[in-house]
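> Structure in structure tokens, see below.
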Amino acid sequence: MRQILLVLILLVSSAAPAGEPYPSAESLDAATKRYIVSSEKPYDDVLEDLEFSISQHNYRITGRNQIGNAIAQSENIDFQKSTIVHFCNLQAAKEIYDINPDFLLHMPCRMTLREVQGSVIIEARLVPENDPALKQISLRINAMMRSIADYAAE
């Protein structure tokens, strides 16, 4: 029992560097990066602007996970709004598939929105840029992801 407790303590204490509420992008996956912006607009306005910007970049929303609402309902508590938006550009997905089908693991694109101390944090999981065959399309997708997030934050 003491060994299990020690292992749990070590795992928890090494999960995130001091001062960070969650592991850094590099500790999650060396090839995966995140783009984070914040907004002072109301949460629902940011979500609406995010979805509009996604459609303006020729992406199709494939799903929404209302994580905050699910936790609030499940636990019968007040909980900050948190949403994961999944979206995909079918032309880009086909282009990626034709080059390297294994890369589809990074699709669909997704962004999260969450309330933190009166602000709305918008976070995009960027696609890896380390595969030479996919570098150009990865750069294009990541530029669009940043543009989508920036528009939602404005």
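With this note's numbering, the residue at position 73 of the sequence shown is 73, and numbering never jumps.
Yeah, the Cβ is synthetic: ideal placement off N, Cα and C, and Gly gets one too.
Note that the coordinates shown come from a computational prediction; the quantities given were computed from them, not determined experimentally.
Ile71: which of Thr83, Asn58, Arg60 and Ile61 sits nearest, CA to CA?
For Ile71, the closest alpha carbon among the candidates Thr83, Asn58, Arg60 and Ile61 is that of Thr83.
> Rounded to the nearest angstrom, what separates Asn130 and Val46 at their Cα positions?
31 Å
> Would you kindly work out how many angstroms separate the C-alpha atoms of Phe52 and Glu75, rounded to a whole number?
31 Å
> With three or more beta-carbon pairs closer than 8 Å as the criterion, would you say the segment 146-153 touches the segment 97-105?
no
> In whole angstroms, what separates the C-alpha of Ala124 from that of Gln73?
Each residue's alpha carbon lies about 26 Å from the other.
> Please name the residue, chosen from Gln136, Ile61 and Asp78, that lies closest to Met111 on a Cα-to-Cα basis.
Ile61
> At the level of alpha carbons, what is the spacing between Ile96 and Leu104?
7 Å
> Ile54 lies in the alpha helix (DSSP H); which residues open and close that run?
Tyr43 to Gln56
> Which runs of the beta strand (DSSP E) spanning at least 3 residues fall entirely within the segment 49-125, listed in chain order?
Entirely contained in the segment 49-125, the beta strand (DSSP E) runs reaching 3 residues are, in chain order, 60-65, 82-88, 109-116 and 119-125.
> Under 6 Å Cβ to Cβ from Ser38, same chain only, skipping five residues before and after it: list those, please.
The residues are Ser119 and Ile121.
> Can you check whether the CB of Arg114 is closer than 8 Å to the CB of Gln80?
Yes.
> Between which residues of its own chain and Gly63 is the CB-CB distance below 7 Å, once the five residues before and five after are set aside?
His86
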